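Data first, discussion second: the structure below is written as structure tokens.
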Amino acid sequence: MYIYLPIAEVSVNAFVLLGLGGLVGILSGMFGVGGGFLMTPLLFFIGIPPAVAVATEANQIVASSFSGVLAHVKRKTVDFKMGGVLLIGGLVGAALGVVVFNYLKSLGQVDLLVKLCYVLFLGVVGSLMFAESLRALRKSKQVAVSKPRKKRGLVHSLPFKMRFRVSGLYISIIPPIVVGVAVGVLAAIMGVGGGFVMVPAMIYLLGMPTKVVVGTSLFQIIFVTAFTTMLHATTNYTVDMVLAVLLLIGGVIGAQFGTMIGAKLKAEQLRILLALMVLLVCGKLALDLIVEPAELFSLGVAGGH
Amino acid sequence: MQGFFARLLFALLALSGPVSAQDIVLGMSKNEIGITAFFNGSEILIFGALKHETAASSAGDLDVVVTIASPRNPVTVRRKDKRLGIWVNVEAFDVDLAPSFYAVATTGPFDRVVSEASDLWHQISVRQLIRAVAVPPSTNNKDQFTEALVRVREEQGLYQMLPGSVQLQEQTLFSTSVSLPSNLVEGAYSARIFVMRDGEVVSQYQTAIDVHKVGIERWLYNLAHERPVVYGLLSLAIAIFSGWAAAAAFRLLRG
């Protein structure tokens, strides 16, 4: 069944969009990532104009994250306090990111920068997580009960300490805000929610327990992507409501299944799967940059990106 | 079907009267295309008759060329090259105006039907059309870029060369059909009909096809552009509601 998208101005198969939405929704619910880093390239591939894909994707992530977070709220695996602190940073970062993005756009080559950003961050984050979760898996096999090690680093010596009861942390609010800003900037430049950077940052930099990380990440992604959606809708008019509805019908259902699957898996398994997926996307993007493209020429709207 | 023929007859009658080029009578299956939610391309049938004075002349066989063009827009063509081991855009070239859709249907092979001079003068082939309106003369290797533009859009089915797709019977009645793709942009499309003899244009006729969004497509498009804040909030409301609905539904399912 083909549907004509009023803003994208192309006609696409509705079932393909429902399927894509469902797939990304499952990942979203499982890992607490928005899935934008996966969905945005897929939308390019089926012929949605990049500007519309990025903007509409933000809107769809709002839906799947909201659906996912409700399931986490019920299981009490959302640290609202931590989410709020991260969010303050995230919104500042997103606004900064839009400024940076427009500056780079005026210099040209923003496409390349976005792709290099993807390859770099996906590569680093993916490898670190993969290595770490392999170690963790091996350790958990050798020793039945591993003692949680309390790190006393920079995170504990900074001022403005706050107690995050759900996460079981008593740390300064400066690191979460810095993480929020950094992820917000990246999210705006790369056109994603930023979950794939946020999740590892929360685990490794802030020392939050993995089970709480997913719900908390989803919680703050809702607001960052809602903010991005409004920015795109009011400045570029590139949010396609019909496309968003098709993607999010699949997405919200997928997110529920994803949360169910996530609850059954061990934290280490969850992390290793996310790491593998991140590395896979990274590899594909890197390959696209290295292998000679079949068509060396591309068309764009004059004066635009 | 009856409605179609009634309209067809009407079109024939309407067009046969005050036509500037006196010797083409033209009909089209539609002169308006509404883009609805389920729009998936459209086929347009163009047919007509050549008046006998022209047709009967003994000077040689007639050919018919039909072109359909979308409104023209500026396009940037970029070229990639290898720099430091990765493929990046190194060169960009702005084509001032190019149609996003262009089809040329002819009775025979294009080069036989249309002489180079006629093509140059009337801008019949898409290459001439782009070259004529669009290219600042100062640029080096501009041909590379305009050729690339044509090649990319041909691959996407947006530029169509349809040699031999116009049927001409008894040197009088002609008909052809052109399929318009699903990713049409809105605007006033123009249909041109040329009657050719020995590669030269002996008569031509031009008419418009109006392509526009209708119904919910129109409404959403207008809302997005005229009330962007409302549109954005509505999008978010839909997203939040669907997220909640799915979660609630699953809670019920699991009891």
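Just so you know, the protein sequences line up as chains A and B, in that order. Per this note's numbering, the very first residue in the first sequence carries number 1; after that it's consecutive. Per this note's numbering, the very first residue in the second sequence carries number 1; after that it's consecutive. Glycine included, C-beta positions come from ideal geometry on N, C-alpha and C. As the structure is a computational prediction, the values presented were derived from the model and not from experiment.
Between which two residues does the alpha helix (DSSP H) holding residue i run?
| i | result |
| --- | --- |
| T106(B) | Careful: T106(B) lies outside any alpha helix (DSSP H), inside the beta strand (DSSP E) at Y102 to T106. |
| E116(B) | E116 to H122 |
| Q204(B) | Careful: Q204(B) lies outside any alpha helix (DSSP H), inside the beta strand (DSSP E) at E200 to K213. |
| Q220(A) | T210 to T235 |
| L246(A) | M241 to K264 |
| F47(B) | Per DSSP, F47(B) belongs to no alpha helix (DSSP H); it is in the beta strand (DSSP E), S42 to L50. |
| K284(A) | A267 to I290 |
How long is the line joining the alpha carbons of residue i and residue j, rounded to whole angstroms?
| i | j | result |
| --- | --- | --- |
| L252(B) | K76(A) | 19 Å |
| S118(B) | L62(B) | 15 Å |
| E90(B) | K80(B) | Correcting the residue identity first, residue 90(B) is Val in this sequence and not Glu. In a straight line, the C-alpha of V90(B) is about 6 Å away from that of K80(B). |
| K306(A) | L285(A) | Only positions 1 to 305 of chain A appear in the structure, and residue 306(A) is not among them; the question remains open. |
| M82(A) | L280(A) | 30 Å |
| L287(A) | A233(A) | 33 Å |
| E186(B) | N73(B) | 12 Å |
| P181(B) | M1(A) | 16 Å |
| L234(B) | G90(A) | 23 Å |
| V245(A) | Q60(A) | 8 Å |
| V291(A) | P41(A) | 17 Å |
| L120(A) | I68(B) | 46 Å |
| T229(A) | G232(B) | 7 Å |
| R78(B) | T216(A) | 42 Å |
| I130(B) | H225(B) | 30 Å |
| S42(B) | E32(B) | 11 Å |
| F241(B) | D111(B) | 59 Å |
| S125(B) | V104(B) | 7 Å |
| F44(A) | V52(A) | 9 Å |
| I209(B) | F219(A) | 50 Å |
| A71(A) | D79(A) | 14 Å |
| A55(B) | D23(B) | Reliability of the predicted coordinates at A55(B) is poor, the pLDDT of 47 falling under 50, and the value obtained from them is presented with this limitation in mind. If you take the alpha carbons of A55(B) and D23(B), they lie about 9 Å apart. |
| C117(A) | I46(B) | 51 Å |
| V100(A) | A94(A) | 10 Å |
| R135(A) | L128(A) | 11 Å |
| V192(A) | F39(B) | 30 Å |
| V33(A) | S133(A) | 17 Å |
| S67(A) | F196(A) | 18 Å |
From the beta carbon of residue i, is the nearest beta carbon of chain A less than 8 Å away?
| i | result |
| --- | --- |
| L220(B) | yes |
| P109(B) | no |
| V152(B) | yes |
| L13(B) | Here L13(B) scores only 45 on pLDDT, less than 50, and its place in the model should not be relied on; the value that follows carries that caveat. No, L13(B) lies away from the interface with chain A (no Cβ there is under 8 Å from its Cβ). |
| F101(B) | no |
| E72(B) | With the sequence shown as reference, residue 72(B) is identified as Arg, and Glu is not the correct amino acid for it. R72(B) does not count as touching chain A. |
| E32(B) | no |
| R127(B) | no |
| H225(B) | yes |
| W121(B) | no |
| A239(B) | yes |
| Y231(B) | yes |
| G85(B) | yes |
| I35(B) | yes |
Nearest to residue i by CA position, among the options, is which residue?
| i | options | result |
| --- | --- | --- |
| A239(B) | P50(A), D111(A), T225(A) and V213(A) | T225(A) |
| M198(A) | A188(A), A182(A) and P209(A) | A182(A) |
| V54(A) | S64(A), F37(A), V69(A) and S65(A) | F37(A) |
| V66(B) | V77(B), A245(B), L234(B) and Q123(B) | Q123(B) |
| G243(B) | L17(A), V12(A), A63(A) and L113(A) | A63(A) |
| V195(B) | S29(B), V166(B) and F38(B) | V166(B) |
| S299(A) | A37(B), E155(B), A103(B) and L84(B) | The sequence given here places Leu at residue 299(A); Ser does not occur at that position. Of the candidates A37(B), E155(B), A103(B) and L84(B), the one whose C-alpha sits nearest the C-alpha of L299(A) is E155(B). |
| L162(B) | V152(B), L168(B) and S177(B) | S177(B) |
| Y102(B) | M28(B), T36(B), R127(B) and K51(B) | R127(B) |
| L184(B) | I193(B), R197(B) and G157(B) | G157(B) |
| T235(A) | L5(A), V98(A) and K74(A) | V98(A) |
So is the beta-carbon of residue i under 7 Å away from any non-hydrogen atom of the ligand GTP?
| i | result |
| --- | --- |
| A14(A) | For the ligand GTP, the structure offers nothing, since it holds no ligand at all. |
For the beta strand (DSSP E) that contains residue i, what are its first and last residues?
| i | result |
| --- | --- |
| E57(A) | From DSSP, E57(A) is part of no beta strand (DSSP E) but of the alpha helix (DSSP H) over P50 to K74. |
| Q167(B) | Q167 to Q169 |
| S172(A) | L169 to S172 |
| R163(A) | K161 to F164 |
| I29(B) | Reading the sequence as shown, one finds Ser at residue 29(B) and not Ile. From DSSP, S29(B) is part of no beta strand (DSSP E); its letter is neither H nor E. |
Measuring only between beta-carbons, confirm whether residue i sits less than 8 Å from chain B.
| i | result |
| --- | --- |
| I249(A) | yes |
| V242(A) | yes |
| Q256(A) | yes |
| T40(A) | no |
| G195(A) | no |
| V70(A) | Note on identity: in this sequence residue 70(A) is Leu, with Val being the wrong assignment. It does: the Cβ of L70(A) has a partner Cβ on chain B nearer than 8 Å. |
| M277(A) | no |
When the Cβ atoms of the segment 243-259 of chain A are set against those of the segment 16-34 of chain A, are three or more pairs found closer than 8 Å?
-> yes
Counting pairs of Cβ atoms below 8 Å between the segment 185-205 of chain B and the segment 143-161 of chain B, do you hit three or more?
-> no
Pairing CB atoms from the segment 266-273 of chain A with CB atoms from the segment 86-100 of chain A, are three or more of them under 8 Å?
-> no
Does the segment 199-206 of chain A come close enough to the segment 46-65 of chain A that 3 or more CB-CB pairs lie under 8 Å?
-> no
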